[in-house]
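Peer 1:
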Amino acid sequence: MDQIRNFCIIAHIDHGKSTLADRLLEYTKTIQVTGGQMLDDMDLEKERGITIKSHAIQMEYQYEGHNYILNLIDTPGHVDFSYEVSRSIAACEGALLVVDATQGVQAQTISNLYMAIEHDLEIIPVINKIDMPSAMPEEVEDEIVELIGCDRSDIIRASGKTGEGVSDILDAVVQRVPHPVGDEKAPLQALIFDSVFNSFRGIIAYFKIENGCIKQGDKVKFYNTGMEYDADEIGILKMNMVPRREMKTGEVGYIISGIKDAKEVKVGDTITHVNRPCEKAIAGFQEVKPMVFAGVYPIDPNDYENLRTSLEKLQLNDASLSFSPESSVALGFGFRCGFLGLLHMEIVQERLDREFNMEVITTVPNVSYMVYDKHGDAKEVHNPSGLPEATMIEHIEEPYIRATIITDANYIGPIMTLCLEKRGELVKQEFISGNRVELHFMIPLGEIVIDFYDKLKSISKGYASFDYHVDSFRPSKLAKLDILLNGEPVDALSTLTHQDNAVSLGRRMCEKLKDLIPRQQFDIAIQAAIGGKIVARETVKCVRKDVTAKCYGGDVSRKRKLLEKQKKGKKRMKQIGNVEVPQKAFLAVLKLD
Numbered sequence: 001m002d003q004i005r006n007f008c009i010i011a012h013i014d015h016g017k018s019t020l021a022d023r024l025l026e027y028t029k030t031i032q033v034t035g036g037q038m039l040d041d042m043d044l045e046k047e048r049g050i051t052i053k054s055h056a057i058q059m060e061y062q063y064e065g066h067n068y069i070l071n072l073i074d075t076p077g078h079v080d081f082s083y084e085v086s087r088s089i090a091a092c093e094g095a096l097l098v099v100d101a102t103q104g105v106q107a108q109t110i111s112n113l114y115m116a117i118e119h120d121l122e123i124i125p126v127i128n129k130i131d132m133p134s135a136m137p138e139e140v141e142d143e144i145v146e147l148i149g150c151d152r153s154d155i156i157r158a159s160g161k162t163g164e165g166v167s168d169i170l171d172a173v174v175q176r177v178p179h180p181v182g183d184e185k186a187p188l189q190a191l192i193f194d195s196v197f198n199s200f201r202g203i204i205a206y207f208k209i210e211n212g213c214i215k216q217g218d219k220v221k222f223y224n225t226g227m228e229y230d231a232d233e234i235g236i237l238k239m240n241m242v243p244r245r246e247m248k249t250g251e252v253g254y255i256i257s258g259i260k261d262a263k264e265v266k267v268g269d270t271i272t273h274v275n276r277p278c279e280k281a282i283a284g285f286q287e288v289k290p291m292v293f294a295g296v297y298p299i300d301p302n303d304y305e306n307l308r309t310s311l312e313k314l315q316l317n318d319a320s321l322s323f324s325p326e327s328s329v330a331l332g333f334g335f336r337c338g339f340l341g342l343l344h345m346e347i348v349q350e351r352l353d354r355e356f357n358m359e360v361i362t363t364v365p366n367v368s369y370m371v372y373d374k375h376g377d378a379k380e381v382h383n384p385s386g387l388p389e390a391t392m393i394e395h396i397e398e399p400y401i402r403a404t405i406i407t408d409a410n411y412i413g414p415i416m417t418l419c420l421e422k423r424g425e426l427v428k429q430e431f432i433s434g435n436r437v438e439l440h441f442m443i444p445l446g447e448i449v450i451d452f453y454d455k456l457k458s459i460s461k462g463y464a465s466f467d468y469h470v471d472s473f474r475p476s477k478l479a480k481l482d483i484l485l486n487g488e489p490v491d492a493l494s495t496l497t498h499q500d501n502a503v504s505l506g507r508r509m510c511e512k513l514k515d516l517i518p519r520q521q522f523d524i525a526i527q528a529a530i531g532g533k534i535v536a537r538e539t540v541k542c543v544r545k546d547v548t549a550k551c552y553g554g555d556v557s558r559k560r561k562l563l564e565k566q567k568k569g570k571k572r573m574k575q576i577g578n579v580e581v582p583q584k585a586f587l588a589v590l591k592l593d
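Mapping the sequence shown onto UniProt numbering, position 290 (from 1) lands on 290, and the numbers just tick up by one.
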């Protein structure tokens, strides 16, 4: 155990975590780095240049004549994947805090750091990208010293590009990060911090052993679900999985036990032996809080069960996704999904398409409302199509949240303006330390689900951190805004919004849809209606020509080629009635401003 070190890399977006991880793997001769970001193995991660999943890998390092085993977890930087970070932190004893020498300390640096300090992790500050011409190592060192109160000599200067400082980082990990503490003789306790689905081997769970040891073939039990399995294969995580006969306290690895049902594995659960179970489960992670809710519906209603299976498999790999069944008048049966933000929602949709071949329609994000009718009955409504007739409604109550925003004092003005625009009320404000201010607001949840978070990050240059909990329901003047295409309401685009904003929102939605809906062989009328009253209208003019019109006579293969090209374009459309609406039209409504 003395020779094991478990550590993760935490940083803001684009501060060079994955590149630094490549250099560490290269230096310890764990792998031959062929392309950049070896740990980002998803196509989506390579295309967008972001880390979406945490990745665990084991390295071996020689220090002062001893062999050390270093378990590294590379984490995402984007706030929409902060749950990945919190789970990685729970499986480590130390963290490399990477700060970009050209940008300094930023919001996610601070929030990830606080998460690591709460778990008593040893923090090793690293200034990355010092080879850049615009690097300001002195100023950044000042910021880090002020943030964590360390000595200047503790801060390591490195470059993920040139490999400078990599040996210092590895030495620091061995010297400063404490080895795992646990009792090998005690009953087995292992924390599941991640899981993936493999179509040949079932569900593979990644764990860290806190106490005891596990051998291949042991009968094990998952503490919270109570399910029992045989440990068919256990092992450590290199670039590929390496089987082992036995694993002891402090090690990080994987277990394959032929589990087929996604519901049986819960991230944060504890693995123990059937014959000699542990007294209590390890305290897992906080339950994740979805920020944005949206309906996800299969394009073909027969794919409903496939969509459920795909979501369950995706949930194994992305524990921050939550979903429950719901139905809609126009779209049939689907699921109401909770996401951590709009980027998370986009990534989930893209992964459903790529990994599971599921084409889905996503509705406009919304929240639940309480509707009281004239008879005094209350009903919870999740999407606007579930509202009773307008004449039957006595009043509608919407959920309010108590929001806590921590920010730099320089950004108080713009943040207050934003919150007041979103119908928020300031409850109190207080200075916490130095230049940092804590603001408390009461804001309708419906106002923050779409773009509040993104705007808050923009106006505070990424410094403001945001947390909320649902407080209560309050009566509110809400109107249901319907979008009609050629006189037919489109269920996925209807929203509940405050009466004062309804007309301008309707107008903006019509203008946006006019740009996005492709022209067809007939005029398309796009209308916004509140109840029976049309408040805005735009028209998409019809196209004049047929694709094969220019092929008069000649070889039939020329016509086929043009028709095939047109067919590819049509495949990208989601059909609603007789009007083709592209998927990006549903998403564009979220980015109206």
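For every residue, glycine included, the Cβ atom is placed at its ideal position computed from N, Cα and C.
Being a predicted model, the structure only gives us computed values, none of them experimental.
Roughly how many whole angstroms lie between the Cα atoms of Thr19 and Gly160?
Peer 2: So the two alpha carbons sit approximately 5 Å from each other.
Peer 1: Under a three-way DSSP split, which group does Ser368 fall into?
Peer 2: Correct three-state label for Ser368: coil.
Peer 1: Express the C-alpha separation of Ile412 and Lys129 in angstroms, rounding to a whole number.
Peer 2: Answer to the nearest angstrom: the Cα atoms are 31 Å apart.
Peer 1: Would you mind listing the beta strand (DSSP E) stretches within the stretch 230-257 that are 3+ residues and don't spill past its ends, in chain order?
Peer 2: With a minimum length of 3 residues, the continuous beta strand (DSSP E) runs that stay inside the stretch 230-257 are 233-237 and 241-244.
Peer 1: In three-state terms, what does DSSP make of Ser472?
Peer 2: Ser472 falls in the strand class under three-state DSSP.
Peer 1: Measure the Cβ-Cβ separation of Cys150 and Leu188 and say whether it is below 8 Å.
Peer 2: Result no, Cβ atoms of Cys150 and Leu188 do not sit closer than 8 Å.
Peer 1: On the CB-based measure, 16 or more other CB atoms within 10 Å of its CB, does Tyr114 come out buried or exposed?
Peer 2: Exposed, because fewer than 16 other Cβ atoms sit within 10 Å of the Cβ of Tyr114.
Peer 1: Whose C-alpha, out of Pro384, Asp218, Tyr206 and Glu26, is nearest the C-alpha of Ser167?
Peer 2: Per the Cα distances, Glu26.
Peer 1: Fully enclosed by the stretch 368-449, which alpha helix (DSSP H) runs are 4 residues long or longer?
Peer 2: Taking only runs of at least 4 residues, the alpha helix (DSSP H) segments lying wholly in the stretch 368-449 are 412-421 and 445-448.
Peer 1: For residue 600, count neighbouring C-beta atoms within 10 Å of its own C-beta (all shown protein chains included) and say buried if the count is 16 or more, exposed if not.
Peer 2: No answer is possible for residue 600: the residues shown for the chain start at 1 and end at 593.
Peer 1: Which two residues bound the contiguous alpha helix (DSSP H) that contains Asn306?
Peer 2: Run containing Asn306: Tyr304 to Asn317, per the alpha helix (DSSP H) assignment.
Peer 1: Where do the ends of the alpha helix (DSSP H) carrying Cys510 lie?
Peer 2: Looking at the DSSP string, the run of the alpha helix (DSSP H) that includes Cys510 is Gln499 to Leu516.
Peer 1: Just list the residues that DSSP pairs Ala190 with in beta bridges.
Peer 2: Beta-bridge pairing links Ala190 to Ile209 and Ile271.
Peer 1: So is Pro325 buried or exposed if we call it buried at 16+ other beta carbons inside 10 Å?
Peer 2: Exposed, since its Cβ has fewer than 16 Cβ neighbours within 10 Å.
Peer 1: Identify whether Ala11 lies in helix, strand or coil by the three-state DSSP scheme.
Peer 2: Residue state, collapsed to three classes: coil.
Peer 1: Rounded to whole angstroms, what's the CA-CA distance from Val292 to Tyr61? Just pull it up for me.
Peer 2: Those two C-alpha atoms are separated by around 43 Å.
Peer 1: Buried or exposed for Met509, going by 16 or more other Cβ atoms inside 10 Å?
Peer 2: That one is buried.
Peer 1: Near Ile459, what residues of its chain come up, given a Cβ to Cβ distance below 8 Å and the 5 sequence neighbours on each side ignored?
Peer 2: Here the set comprises Tyr411, Pro414, Ile415 and Leu418.
Peer 1: With which residues is Asp491 paired in a DSSP beta bridge?
Peer 2: For Asp491, which the question treats as bridged, DSSP gives no partner whatsoever.
Peer 1: Would you say Glu246 and Ile4 are within 8 Å of each other, going by their C-beta atoms?
Peer 2: Result no, Cβ atoms of Glu246 and Ile4 do not sit closer than 8 Å.
Peer 1: When you compare each of Val367, Gly258 and Asp555 to Gly338 by their alpha carbons, which one comes out closest?
Peer 2: Measuring from the Cα of Gly338, the nearest candidate turns out to be Val367.
Peer 1: Does the Cβ of Val427 have 16 or more other Cβ atoms within 10 Å, making it buried, or fewer, making it exposed?
Peer 2: By the neighbour-count rule (16 or more Cβ atoms within 10 Å), Val427 is not buried but exposed.
Peer 1: Looking at Leu496: is its Cβ nearer than 8 Å to the Cβ of Lys480?
Peer 2: It is a contact, given that the beta carbons lie within the stated cut-off.
Peer 1: For Ile459, which three-state DSSP category applies?
Peer 2: Helix.
Peer 1: Roughly how many angstroms lie between the CA atoms of Met59 and Ile236, to the nearest whole one?
Peer 2: When rounded, the distance between both Cα atoms is 10 Å.
Peer 1: Which of the three DSSP states is assigned to His179 in this structure?
Peer 2: In this structure, His179 counts as coil in the three-state DSSP scheme.
Peer 1: How is Ile483 classed by DSSP in three states: helix, strand or coil?
Peer 2: Strand, per DSSP.
Peer 1: Over what stretch of residues does the alpha helix (DSSP H) that includes Leu97 continue unbroken?
Peer 2: Careful: Leu97 lies outside any alpha helix (DSSP H), inside the beta strand (DSSP E) at Gly94 to Asp100.
Peer 1: Which whole runs of the beta strand (DSSP E) in the stretch 43-90 are 3 residues long or more, in chain order?
Peer 2: Fully enclosed beta strand (DSSP E) runs of 3 or longer: 55-63 and 66-74.
Peer 1: Classify Asn357 as helix, strand or coil using the three-state DSSP reduction.
Peer 2: In the structure shown, Asn357 sits in coil (DSSP, three-state: anything other than H, G, I, E or B).
Peer 1: Within 10 angstroms of the Cβ of Cys278, are there 16 or more other Cβ atoms? Answer buried if so, exposed if not.
Peer 2: Classification for Cys278: buried.
Peer 1: What do you reckon, are the CB atoms on Tyr400 and Asp471 nearer than 8 Å?
Peer 2: It is a contact, given that the beta carbons lie within the stated cut-off.
Peer 1: Starting from Tyr27, trace the alpha helix (DSSP H) both ways and give me its first and last residue.
Peer 2: Residues Lys17 to Tyr27.
Peer 1: Kindly list the residues whose CB is nearer than 8 Å to the CB of Tyr304, restricted to its own chain and excluding five residues on each side of it in sequence; keep chain order.
Peer 2: Hits under 8 Å: Pro298, Gly332, Phe333 and Gly334.
Peer 1: Taking its Cβ as the centre, do 16 or more other Cβ atoms sit within 10 Å of Thr391, making it buried, or is it exposed?
Peer 2: Flag for Thr391 reads exposed.
Peer 1: Using the rule of at least 16 other Cβ atoms within 10 Å of the residue's Cβ for burial, across every protein chain shown, is Ser195 buried or exposed?
Peer 2: That one is buried.
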